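full-length UniProt numbering applies: residue 1 is where the sequence shown begins, and numbers increase by one.
From the three backbone atoms N, C-alpha and C, an ideal C-beta is built for every residue, glycine too.
Here the structure is a predicted model, which means the values were calculated and not measured.
Okay, so here's the structure we're looking at.
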Amino acid sequence: MAITGVMRPGHCQLRVLDLDASITFYRDVMGLQFMGRDGRDRAFFKCLDERDHHSLILRQADRAGMDFYGFKVRDAATLARLDSDLRAYGISTERIPEGDLPETGERVRFQAPTGHQFELYWRKTDVGNHLGCRNPEAIIEGRKGISPVRLDHWQIHGADLDGSRDLFCDVLGFSLVERILGEDGKQDMAVWLTCSAKAHDIAFVRDERNDTLHHASYLLETWEQVLKAADVMTVHRVSIDIGPLRHGITRGTTIYAFDPSGNRFETFCGGYDFYPDMQPTVWTWDEVGRAIFYHTRELNERFLTVVT
Ligand SMILES: [Fe+2]
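Structural data, given as structure tokens:
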């Protein structure tokens, strides 16, 4: 599939309660690369195999959660077209000037029906992954902590799931990959959407609590690295929600845990490739336990109730 529109989750701005402690956590435990901080109580990080200047922005705040979710689009013409398409669909957009985020071009900001702030952008400085693009080595040495290779996806919650699902599929070009139907067998309780060939780039869950984050997910290369991440979490006494385990949905392997501010994150591996000619996978309500937690086949209360 040629990815010509929205390409991938590119960056997100996470609220943290203690910026200095969070910088230490994301650098030494998560093993992200610290790219510096600015004069606005923000700190910037990238994952080891990412090439753009940053994918995670931490912002000092008095409550946890996510300020905004940014998708990188192919080029300037795509940004202009999607801005126009959003407004034609009835969604207000706002232009945030180049330089508001370091090393990042102009962004188009809009609010989805679930209350979340999204933005699209096309330019961010390519700082490389330390391997180069000419005769590179195959491994990055000196990895520390969990050390994910990239930001992978987000799971977010809000009431108007149908509205956000349709906006992403009808305007932004996403495909529906998997869905959980409610007890009535008709209404979507959760949907997994992709803008690429990944099993998902974003998931929406129906929840009265608008504009909430369930987790930000980081990709590891193997199941063994997910298991090693569990060891790293215990060495550093990280609060684990659940895992290591496998999902029925996407077939990914995973751990869910909390950062020092209570924001849930996921260390994830696997998931199948999706192409737009594939029909969505459907899960019925009576099998929701196996869909989410394939081995235990039942949900835990904290996973269902804690969002930021
Ligand atoms: Fe996830």
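Using a cutoff of 6 Å, the CB of Glu266 counts as near ligand 1, since one of the ligand's heavy atoms is closer than that. In this model, Met30 and Leu161 are separated by some 31 Å (Cα to Cα).
Distance from the Cα of Trp154 is smallest, within the candidate group Gly70, Ala77 and His53, for Gly70. Contact annotation, Leu58 with Leu82: C-beta distance approximately 27 Å; criterion of less than 8 Å not satisfied. Taking 7 Å as the cut-off, the beta carbon of Thr308 is found closer than this to the beta carbon of Gly262. Burial check for Asp259: the Cβ neighbour count within 10 Å reaches 16 or more, so the residue is buried.
Under the DSSP definition of a beta bridge, Met66 partners with Leu14. Taking non-hydrogen atoms of ligand 1 into account, the C-beta of Gln13 is found less than 6 Å away from none of them.
Each residue's CA atom was taken as its position, placing Val205 and Ala112 some 13 Å apart.
Exposure of Val235 is indicated by the presence of fewer than 16 other C-beta atoms within 10 angstroms of its C-beta. Remark: three or more beta-carbon pairs, one from each stretch, lie closer than 8 Å, so the region 41 to 56 and the region 117 to 132 are flagged as touching. Exposure of Thr284 is indicated by the presence of fewer than 16 other C-beta atoms within 10 angstroms of its C-beta. The alpha helix (DSSP H) runs of length 4 or more contained entirely in the region 152 to 188 are, from start to end of the chain, 161 to 170. For Asp170, the closest alpha carbon among the candidates Arg246, Val16 and Gly90 is that of Gly90. For Tyr26, same chain residues with a beta-carbon under 6 Å away, outside a window of 5 residues either side, are Leu32 and Phe45 in chain order. Sequence-distant partners of Leu56 (beyond 5 residues in either direction) whose C-beta falls short of 6 Å from its own C-beta, in its chain, are Phe45.
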